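Let me begin by presenting the structure, written as structure tokens, before commenting on it.
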Amino acid sequence: MKKVATIHTRTPTKASGIVHIATLLAIGVFLFVVASGYAVYRHNYAKDTNGLSRSYKSAIKNAKCLVADADLCKFFTAWKLSRQYTAQATITSGTTASTATFVADGTDKFHITATGYEMIGIGTTVYARNAAGDLWWQQKVEQKYIAKFKGGNDYTFTEPQVSSTALQPSYLASGTEKCGDLTCLKYQVTDPLAPNKLQFIWFDTVAYRLQRLRTTQGGITNDCDFTYTSTSITDPSPTQEVSANQIVLPGTNEPTTLPSAAAIPNALDSPSP
Numbered sequence: 008m009k010k011v012a013t014i015h016t017r018t019p020t021k022a023s024g025i026v027h028i029a030t031l032l033a034i035g036v037f038l039f040v041v042a043s044g045y046a047v048y049r050h051n052y053a054k055d056t057n058g059l060s061r062s063y064k065s066a067i068k069n070a071k072c073l074v075a076d077a078d079l080c081k082f083f084t085a086w087k088l089s090r091q092y093t094a095q096a097t098i099t100s101g102t103t104a105s106t107a108t109f110v111a112d113g114t115d116k117f118h119i120t121a122t123g124y125e126m127i128g129i130g131t132t133v134y135a136r137n138a139a140g141d142l143w144w145q146q147k148v149e150q151k152y153i154a155k156f157k158g159g160n161d162y163t164f165t166e167p168q169v170s171s172t173a174l175q176p177s178y179l180a181s182g183t184e185k186c187g188d189l190t191c192l193k194y195q196v197t198d199p200l201a202p203n204k205l206q207f208i209w210f211d212t213v214a215y216r217l218q219r220l221r222t223t224q225g226g227i228t229n230d231c232d233f234t235y236t237s238t239s240i241t242d243p244s245p246t247q248e249v250s251a252n253q254i255v256l257p258g259t260n261e262p263t264t265l266p267s268a269a270a271i272p273n274a275l276d277s278p279s280p
């Protein structure tokens, strides 16, 4: 007799059906969360043709300050938001000119390249490229000395406090000028603690970012142009730690040997080269 093949079928149980539905729901929730997160990102952080995010433009538009000058208020707000920038400086003294580039990556990372030396700072660790250019001297320094290693590029702009009686900078509107393709507002900055310093700033009328800074003091003029692009400063390689009684001073590229480690603060407190 010819055998007839028997096909066995399995009817899904109620429990397996629930598991299937739960899996589909979990997938759906996951996709919803991803889509919602991307939508929030697009809404707040996607940049326009000027490279400005919606959150940045909202902060500038809604800037609140004590100063009556709305443009100046937007500049102060923009500077606080400017965590990454590059300052290209031309330093002139008489007929002699030199250049330096300062890159900021947040408040605790910097990279400075100037005539005769190059330094990277990450937190309280400072790296100095040696004279031969084939390694980086590595050293730990106290936080209070980090600004000195930045070579005068630790820019701060203090918003005047209307009710304060303390000495503080003042900002005088000085017209408009072109900054490349942008229109800039020019201000003279007067610091009562540095009465011999002549300083001007230029910031644009779109992002209200600092575009140019020029200071003149003691016959030396420092003229800086600023750009704003994403950057990432990381630990260089190869490195070699300096000895306990050595320090690579700001503006130099080789260690200075001192009598002891206790002499390092005095060396750093002395005027920079």
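For the sequence shown, the positions run 8 to 280 when our numbering is used.
For every residue, glycine included, the Cβ atom is placed at its ideal position computed from N, Cα and C.
Note that this is a predicted model, so its numbers are computed, not measured.
Residue range of the unbroken beta strand (DSSP E) whose run includes residue i
i: Lys185; result: 177-186
i: Ile227; result: 227-234
i: Thr103; result: 103-112
i: Ala121; result: 116-121
i: Leu192; result: 189-197
i: Ala135; result: 132-136
Range covered by the alpha helix (DSSP H) that runs through residue i
i: Phe82; result: 77-88
i: Lys155; result: 153-156
i: Ile271; result: 271-276
Same chain, Cβ closer than 6 Å to residue i, neighbours up to 5 away in sequence not counted
i: Thr93; result: Val110, Thr234
i: Asp232; result: Gln95, Arg219
i: Tyr48; result: Unreliable placement is indicated for Tyr48, whose pLDDT of 43 sits below 50; the coordinate value is still reported in the next sentence. Excluding sequence neighbours, Tyr48 sits near nothing in its chain.
Residues near residue i by beta carbon distance below 7 Å, same chain, minus five either side
i: Phe164; result: Phe83, Trp86
i: Pro262; result: Trp144, Val249, Gln253, Ile254, Val255
Paired residues, beta bridge with residue i - DSSP
i: Glu248; result: Gln145
i: Val62; result: The sequence shown places Ser at residue 62, not Val. DSSP, once it has assigned bridges, lists no residue as partnering Ser62.
i: Tyr125; result: According to the sequence shown, residue 125 is Glu rather than Tyr. Note: Glu125 sits in a beta bridge opposite Thr120.
i: Arg221; result: Phe207, Asp230
i: Gln95; result: Thr108, Asp232
i: Gln253; result: Thr264
i: Ser100; result: Thr103, Ile227
Sequence-distant residues of the same chain with beta carbon closer than 8 Å to residue i, five excluded per side
i: Leu200; result: Leu174
i: Asn51; result: Unreliable positioning characterises Asn51 in this predicted model, as indicated by a pLDDT of 47, which lies under 50. A coordinate reading is not provided.
i: Thr122; result: Ser105, Thr106, Ala107
Check whether residue i and residue j have beta carbons under 8 Å apart
i: Val249; j: Trp143; result: no
i: Val255; j: Ala135; result: yes
Should the segment 107-125 be regarded as contacting the segment 235-255, the criterion being three or more beta carbon pairs within less than 8 Å?
yes
Examine the Cβ distances between the segment 205-220 and the segment 176-192 and report whether three or more of them are shorter than 8 Å.
yes
Counting beta carbon pairs with one atom in the segment 164-174 and one in the segment 68-77, are three or more of them shorter than 8 Å? yes
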